[in-house]
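*Asks:* Numbering (UniProt numbering), first residue to last: 1 to 355.
For reference, the structure I am asking about is given below.
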């Protein structure tokens with residue numbers, strides 16, 4: 001599946017804009033990947049990109065000690081910059097730019113550009129042979145003139161021992177992207193090439209990337225990445241914390257089962273059952289037996305007065321908890337009558353809840 005060009009451009013622009021804000025405030029994200037790039041659904045911020053998961057984020061203006069000492073291994077495997085894989089102790093915001101380049105390539109090709117089979121194990125050793133092999137298979141082995149400081153990397157001796165430049169003589173980013181119908185002279189490829197520069201000192205910055213000619217040609221980036229795209233966005237549903245995560249039909253079935261539970265074969269029905277005067281047998285005895293056995297009582301679910309079961313509508317206050325969020329979601333309530341309903345006459349009104 002090929003994403004629309006306008007959507008790809010808008011996604012990339014907003015990601016770069018968000019990272020530029022972080023970098024301008026001396027913050028490294030250090031774990032950029034598609035799973036941490038969120039897009040708002042229906043609401044006032046529809047199509048707005050949000051960068052999530054700041055668990056690895058660190059200040060980098062004046063660290064008390066090298067960042068590598070605090071976290072030896074950062075960034076998920078496939079989006080990890082080559083300087084990190086070679087054990088760089090002092091790295092910069094360029095590691096976030098490399099990860100954005102990986103995301104950009106994935107948006108263009110619908111596949112992770114540097115995927116490898118080796119398991120991503122967060123060990124103290126940053127060197128990973130298979131991941132470097134994948135990068136070189138796509139990009140080619142870096143020439144000395146392209147990355148002069150590679151010799152200063154802690155894992156450079158291991159690199160020399162495990163890899164041969166001639167193995168990747170026919171590999172290049174141009175050839176890889178041409179297989180995916182991205183021309184080498186296009187503005188989209190030229191920006192990708194700047195983002196995926198091997199030498200971190202030559203890698204483009206987020207500020208420079210935002211001013212790239214790629215964003216000046218049609219289609220222009222938009223604040224709504226879905227603009228002009230007929231893509232239905234699924235409604236998001238939020239469960240009330242007091243509500244069990246079970247369907248009303250299942251709960252009703254369990255309630256009926258508990259109320260009509262029969263006695264074990266070894267117990268005589270005459271000892272606990274009562275007749276209702278019409279030849280039928282009441283369930284009082286079986287319920288008493290269930291209580292004697294320590295079984296939990298099944299409480300019927302009560303809806304609001306004047307409303308049938310399952311008709312009360314609740315609205316999540318997800319958008320109220322933060323003015324920046326715009327989800328509009330409703331769920332069907334079949335819970336017990338309580339403060340969630342203001343009155344029997346207001347059973348269909350929206351009511352907010354905290355999650």
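Note that CB positions come from ideal geometry on N, CA and C, so glycine has one too.
Keep in mind that this is a model prediction, so the values were computed, not measured.
Residues in its own chain within less than 8 Å of residue 55 by CB, not counting five upstream and five downstream?
*Replies:* Here the question's residue 55 lines up with position 55 in the chain shown. Only 31 meet the Cβ criterion.
*Asks:* Mind reading off the beta-carbon distance from residue 114 to residue 134? Whole number of angstroms is fine, and I expect it under 8 Å.
*Replies:* As a working note, residue 114 is residue 114 in the chain shown. As a working note, residue 134 is residue 134 in the chain shown. Going by Cβ atoms, the distance from residue 114 to residue 134 rounds to 5 Å, so yes, they are a contact pair.
*Asks:* What are the residues that DSSP puts in a beta bridge with residue 39?
*Replies:* Within the chain shown, residue 39 is the residue found at index 39, counting from 1. 49, per the DSSP bridge assignment.
*Asks:* Return the chain-ordered list of same chain residues with a C-beta closer than 8 Å to the C-beta of residue 156, the five sequence neighbours on each side being excluded.
*Replies:* If you number the chain shown from 1, residue 156 lands on position 156. These residues qualify, in order along the chain: 86, 150.
*Asks:* Exposed or buried, residue 14, counting other C-beta atoms within 10 Å across all chains shown (16 or more means buried)?
*Replies:* Position 14 of the chain shown, counted from the first residue, corresponds to residue 14. Under this definition residue 14 is a buried residue.
*Asks:* Under 7 Å, do residue 210 and residue 97 count as touching if we go by C-beta distance?
*Replies:* Mapped onto the chain shown, residue 210 falls at position 210. Mapped onto the chain shown, residue 97 falls at position 97. No, they are not a contact pair.
*Asks:* For residue 126, count neighbouring C-beta atoms within 10 Å of its own C-beta (all shown protein chains included) and say buried if the count is 16 or more, exposed if not.
*Replies:* In the chain shown, residue 126 corresponds to position 126, counting from 1. Buried is the call here.
*Asks:* Taking contact to mean at least 3 C-beta pairs separated by less than 8 Å, is the region 5 to 25 in contact with the region 191 to 208?
*Replies:* Touching, yes, given that three or more Cβ pairs across the two stretches are closer than 8 Å.
*Asks:* Check the C-beta distance from residue 188 over to residue 7 and give it rounded, since I have them as a contact under 8 Å.
*Replies:* Working through the chain shown from its first residue, we reach residue 188 at position 188. Working through the chain shown from its first residue, we reach residue 7 at position 7. So it is not a contact: roughly 13 Å between Cβ atoms.
*Asks:* Leaving out five residues before and five after residue 193 in sequence, what residues of the same chain have Cβ atoms less than 7 Å from its Cβ?
*Replies:* Along the chain shown, one-based indexing puts residue 193 at 193. If we look at residue 193 and ignore the five residues flanking it on each side, its Cβ neighbours are 173.
*Asks:* Check the Cβ-Cβ distances between residue 175 and every residue of chain D, and say whether any is below 7 Å.
*Replies:* The structure shown contains no chain D; it holds only a single protein chain.
*Asks:* How would you write the range of the alpha helix (DSSP H) that residue 229 sits in, first residue to last?
*Replies:* Counted from its first residue, the chain shown places residue 229 at position 229. Counting along the chain, residue 229 falls outside any alpha helix (DSSP H), and DSSP gives it neither H nor E.
*Asks:* Measure the beta-carbon distance from residue 50 to residue 219 and round it to whole angstroms, keeping in mind my assumption that it falls under 8 Å.
*Replies:* The residue given as residue 50 occupies position 50 in the chain shown. The residue given as residue 219 occupies position 219 in the chain shown. Contact flag wrong, Cβ pair sits at about 22 Å.
*Asks:* Give the straight-line distance between the Cα atoms of residue 5 and residue 186, rounded to the nearest whole angstrom.
*Replies:* On the chain shown, residue 5 is found 5 positions in, with the first residue counted as 1. On the chain shown, residue 186 is found 186 positions in, with the first residue counted as 1. Straight-line Cα distance between these residues: approximately 13 Å.
*Asks:* Within 10 Å of its beta-carbon, does residue 170 have 16 or more other beta-carbons around it, so buried, or fewer, so exposed?
*Replies:* Start at 1 with the first residue of the chain shown, and residue 170 comes out as number 170. Looking at its Cβ environment, which holds fewer than 16 other Cβ atoms inside 10 Å, residue 170 is exposed.
*Asks:* Beta carbon of residue 198, beta carbon of residue 112: below 7 Å?
*Replies:* Taking the chain shown and counting its residues from 1, the one referred to as residue 198 is at position 198. Taking the chain shown and counting its residues from 1, the one referred to as residue 112 is at position 112. No.
*Asks:* What is the DSSP secondary structure of residue 8, reduced to helix, strand or coil?
*Replies:* Here residue 8 refers to the residue found at position 8 when the chain shown is read from its first residue. The answer is helix: DSSP assigns residue 8 an H, G or I state.
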